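>
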């Protein structure tokens, strides 16, 4: 069974040594009193919860899956999930970075993101139950009425209730403009002013379960006479049990889980088909503006999905390292390294190291990018400086699709590489590696497929504002290159970073010109382009981490030596993917569209 | 549920139009009378069997899995598997390319390889039951005594009995030199001259089942006082039921299936742990030469594994195309393509096409490479010209690790891309796409991991003979480049092919020099190197296919147009991976080994 050791030192390295998180946070009114001791205490306790409570129920939860009682439509999560959630609620974890006005602890979002990395490493399927609640919380916090907030937010903050997002229908996922669920006004009676919803939703993660006493569904549906397409969609809150004005639970609402999906992975999370059979809901935000309100949840969820793959990459790496040090098989080609044993541990083999270092570098790069972005999110929601807010907003907006797609594609590569380290045992359930791969696969799909992310990046975020956001990020890189340009020791990192920056500028201009001629050129290049920009981000953060490590490499702490070696591995073995990507992006649309549809 | 349409026209294109298989085969004494009609009849009937009998039981077989009765140790395959096998035996399929001396039909191996592609597309888990029998047949045919052949081969040929390979033990898979199973001579009594085997074997595919009345296990074990390591391993045939001299079944032999593995995929195939508890076996080949005898099976099995991923790539592609034409979602960025519908079919989106074409090109490239190699195998086993045999042997030897590793890595990429086309539905069991991905994953691991294949290629097959085999294949490319060098229409294919050929030559020389200094440099570069040479093979065969297609593109048959577009896609979008691979291969050993083991 896989083990998990929370990478707290790595998180501290980023927070305190690379990103100077404490002074940044202290500059925000909400976090003026924050200090490293507080952050450290949460990291340590959160890590314990993840490793001790969630890791042991991950593999059994995958084998057991969720259960639907077809008579009562009740769903039971795997054994231990309910108890772990009770433990989580008792510990006050749902409140960590929630608004103190509703019972939250008001700690920084960047801390919550570190906490969630650990939950995801320990048990992605479990972490999705509370994870979805954050999305519901965010949407209500941003768009709810005062009454809705007072009624729902304290109970989401305490974890007493959980939340979901109900978007997808059988015929539409990406294209929500096609959705058909309907909401009709209720006039008179107890529910006067509310809406009655009918329709079918699918792929509702954590859509029904036995972990909490009530579930708040945030549901997209159409009002009568709403405009067609995406401009006619409204957002509703639809509780599993109706809520009395005093917060006590009323009758069971008119919808039910009609089936659980049989999935490739995340078996411990209940993925529900939900039939809305005249369910009572109240409107959240403005009529027909539901998609915009839902995007508040969606953007947070996209960062959360990147974090899921970071978590899986880290835990897969840790277990593959342990196996590679333990398993003896063959001799090193250059001669025995453990002559006292019958064979050498497989970590002596260069390609085993390549697989391990691929996962390690992808975890470290992703953690840096995610931690940086979460810190920008803290600035965005807490600063009172309008310019700083705009900058943070632009950077988060630019980096969100990169985190969602680049980190989850890398997570697929990394977990599969770690599985390969185990040879045949990697294919067997009891070792846990194949579960990481299966769980990682969904992250490339949900909350907008990675293709959709790439269109968002190239089409909307980059070309949509003539590269302004990208230039903002590019200035950070240029400043760093300028600062470190005279350091001889930094040349090995600065030169490829600067070179890739130039290539991205050139490629962006080229694609912009092409898109001017044919908008489909965006779709032809976007996936390659996103990976190139992802590498630019990673190269930037690896260079920043290398700078800190170079400064401290003679401190006697081998931690910094390891950081340097990982950075060097990244530049030597992973960054060269850009040589391929730039070529395939430039190859453009014709090779994709030349063949008539009928000939496929 | 996935559908399957056997790609017979594609097979015929390769056999008759690209590779001139009929005259090549007719030049071999064993196949002097072969004709296209015979081949076509088998392809059509084989395709029917695959699509009509095996496809319908693939998805249910995955859901059901195999069953072990812990009391009797009997294993039952999923519903329908036994009946399908009976159907297969009745049809005479096991005998297709088997030796007529033992009841075989003596048809070419290349035909059997086309047949197996279809079985693998339809149901990889099922196809492994008869597939393993071929390996046992080959090893006995090459190394058995006259008595062993007479007793066992006719019943393997008829399919009345099946076979397995029992190599792996809990502590050794790659490194068979470590294996511990023992064989002790039986002196006196009924089994005089036989051996009594004890030990534990794991990962025995088709190791126990209810499809056939008897199972021939080919088992590696050590004789008393055998030398340590791989030079002290012998091969035994150990039947499930002892076989009387007249071929009738005797007592149940002393071994049993102690457990079935819970695997990521190929659930329909029983992967057994086998306890040898004094099982009676007879020696196959010379004492202590078992590994060499087993490699006869292994090499055939490696080609078979490449074929499994070809089959999965093809069937995943077909189903993804059907979905992409049917599913409507969003509009093309360049404006509506199906204005009469609420949205466009997703095949209008360039990245969806990229995913489809990736799978299509990987299937077509793999089919060409495999068909060519199987034809060389026919020459190897049937020619009476010693030079032709040596050439064929060299080519098969060179191409085997490439087929095993390159085609299975591509199969993982391709099935995952096809899964992605389905969005969220791709993650759900009932659509069948996630099963293709899970099934494809084992192909990168078993019969020698893909890392082992790459070491075999670079270390043994290429550097081991100073590049002689590689040069032999290079000469075929050089001749083709020379022939087509003056054709203007062929420049787009010939130029990148010739360019890549030059790069491979240069890279090989560089790596040879480096390996001279440190043998571990082979291990550092081998995986990248294998993929570069894999692309060289694909580029060669795509250029050859393009030549035929160019000659016939105005024939009115759009089949040739599609071939041309696929080749162009390959050169534009897949071949550029070599730009990355050559860089990472050159980056060498240091970035992998610099970090101390303790710092991982």
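Protein chains in written order, with our numbering: chain A, 1 to 600; chain B, 1 to 600. A virtual CB, placed ideally from N, CA and C, is assigned to each residue, including glycine. As the structure is a prediction and not an experimental result, all values here were calculated from the model.
Have a look at residue 407 of chain B and residue 309 of chain B and give me their C-alpha separation to the nearest angstrom.
Going from the Cα of residue 407 of chain B to the Cα of residue 309 of chain B covers about 6 Å.
> Chain B partners of residue 608 of chain A, CB-CB under 7 Å?
Residue 608 of chain A lies beyond the stretch modelled for chain A, which goes from 1 to 600, so this question has no answer here.
> For residue 303 of chain B and residue 400 of chain B, which I take to be in contact (beta-carbon distance under 8 Å), what is that distance rounded to the nearest angstrom?
Indeed, because the Cβ distance is near 6 Å, the residues count as touching under 8 Å.
> Bridge partners for residue 281 of chain B per DSSP, in chain order?
Looking at the DSSP assignment, residue 281 of chain B forms a beta bridge with B:195.
> With a cut-off of 8 Å on the beta carbons, I'd call residue 133 of chain A and residue 156 of chain A a contact; round off their distance for me.
Indeed, because the Cβ distance is near 5 Å, the residues count as touching under 8 Å.
> State the Cα-Cα distance for the pair residue 677 of chain B and residue 464 of chain B, rounded to the nearest angstrom.
As shown, chain B starts at 1 and ends at 600. That puts residue 677 of chain B outside it, with no answer to give.
> Taking only three categories from DSSP, how would you classify residue 239 of chain A?
Strand at residue 239 of chain A.
> Can you pull the chain B residues whose beta carbon is under 8 Å from the beta carbon of residue 426 of chain A, in chain order?
445, listed in chain order.
> Would the segment 109–129 of chain A and the segment 264–281 of chain A be scored as touching if the rule is three or more Cβ pairs under 8 Å?
Taking 8 Å as the limit for Cβ pairs, the verdict is that the segment 264–281 of chain A does touch the segment 109–129 of chain A.
> Given that a residue counts as buried once 16 or more other Cβ atoms are within 10 Å of its Cβ, and exposed if not, what is residue 187 of chain B?
When all chains shown are included, residue 187 of chain B counts as exposed.
> Nearest-angstrom Cα distance between residue 500 of chain B and residue 370 of chain B?
The straight-line gap from Cα to Cα measures roughly 21 Å.
> Within the same chain, show all residues whose beta-carbon is closer than 7 Å to that of residue 365 of chain B, passing over the 5 residues directly before and after it, in chain order.
538, 541, 542, 570, listed in sequence order.
> Residues in its own chain within less than 8 Å of residue 380 of chain B by CB, not counting five upstream and five downstream?
Cβ neighbours of residue 380 of chain B beyond the five flanking positions: 389, 392, 393, 396.
> How big is the Cα-Cα spacing for residue 568 of chain A and residue 592 of chain B?
If I take the Cα positions, the gap works out to 9 Å.
> Nearest to residue 645 of chain B by alpha carbon, out of B:312, B:345, B:76?
Shown here, chain B extends from 1 to 600; a query on residue 645 of chain B therefore has no answer.
> Would you mind stating whether residue 8 of chain B and residue 54 of chain B have Cβ atoms separated by less than 8 Å?
No, they are not a contact pair.
> In whole angstroms, what separates the C-alpha of residue 551 of chain A from that of residue 490 of chain A?
For residue 551 of chain A and residue 490 of chain A, the distance between alpha carbons rounds to 10 Å.
> Counting C-beta neighbours from all protein chains within 10 Å, is the total for residue 318 of chain B 16 or more, i.e. buried, or is it exposed?
That one is buried.
> Quick check: is the beta carbon of residue 531 of chain B nearer than 8 Å to any beta carbon in chain D?
The displayed structure is made up of protein chains A and B, and chain D is not among them.
> Relative to the alpha-carbon of residue 111 of chain A, which residue among A:338, A:40, A:146, A:130 has its alpha-carbon at the smallest distance?
Residue A:40 is the option with its Cα nearest to residue 111 of chain A.
> Apart from the five residues just before and just after residue 577 of chain A, which ones in its own chain have a Cβ nearer than 8 Å to its Cβ?
Within the same chain, residue 577 of chain A has close Cβ partners 531, 535.
> Sorted by chain position, which residues of the same chain lie with C-beta nearer than 6 Å to residue 87 of chain A's C-beta, five sequence neighbours on each side aside?
Here the set comprises 53.
> For residue 517 of chain A, does the count of other Cβ atoms within 10 angstroms reach 16, so buried, or fall short, so exposed?
Exposed, since its Cβ has fewer than 16 Cβ neighbours within 10 Å.
> Quick one: what's got a C-beta closer than 6 Å to residue 296 of chain A's C-beta in the same chain, skipping five residues either side?
So the qualifying residues of the chain are 138, 139, 142.
> Going along the chain, which residues of the segment 390–419 of chain B sit with their C-beta nearer than 9 Å to a C-beta in chain A?
If the cut-off is 9 Å between Cβ atoms, the segment 390–419 of chain B has 412, 416, 419 near chain A.
> Cβ of residue 271 of chain A within 8 Å of Cβ of residue 215 of chain A?
Not in contact: residue 271 of chain A and residue 215 of chain A (Cβ atoms no closer than 8 Å).
> Is residue 486 of chain A buried or exposed, if buried means 16 or more other CB atoms sit within 10 Å of its CB?
Under this definition residue 486 of chain A is an exposed residue.
> With DSSP as the reference, label residue 600 of chain B as helix, strand or coil.
Looking at residue 600 of chain B - three-state DSSP - the assignment turns out to be coil, as it is neither helix nor strand.
> According to DSSP, what are the bridge partners of residue 256 of chain A?
Beta-bridge pairing links residue 256 of chain A to A:275.
> Run the CB neighbour count on residue 239 of chain A, radius 10 Å, all protein chains shown included, and call it buried at 16 or more, exposed below.
That one is buried.
> What are the residues that DSSP puts in a beta bridge with residue 185 of chain B?
B:195.
> By DSSP, does residue 451 of chain B sit in helix, in strand, or in coil?
Three-state result, residue 451 of chain B: helix.
> Measuring CB to CB, does residue 608 of chain A end up less than 8 Å from residue 307 of chain A?
This structure gives no information on residue 608 of chain A, because the portion of chain A shown stretches from 1 to 600.
> Only counting runs of 4 or more residues, tell me where the alpha helix (DSSP H) segments fall wholly within the segment 129–190 of chain B, in order along the chain.
Segments of the alpha helix (DSSP H) lying fully in the segment 129–190 of chain B: 146–158.
> Just checking, does the segment 219–239 of chain A make contact with the segment 282–298 of chain A on the three C-beta pairs under 8 Å criterion?
The answer is yes - the segment 282–298 of chain A touches the segment 219–239 of chain A, with three or more Cβ pairs under 8 Å.
> Any chance the segment 327–337 of chain B sits against the segment 347–366 of chain B, with 3 or more Cβ pairs inside 8 Å?
Segments in contact, yes.
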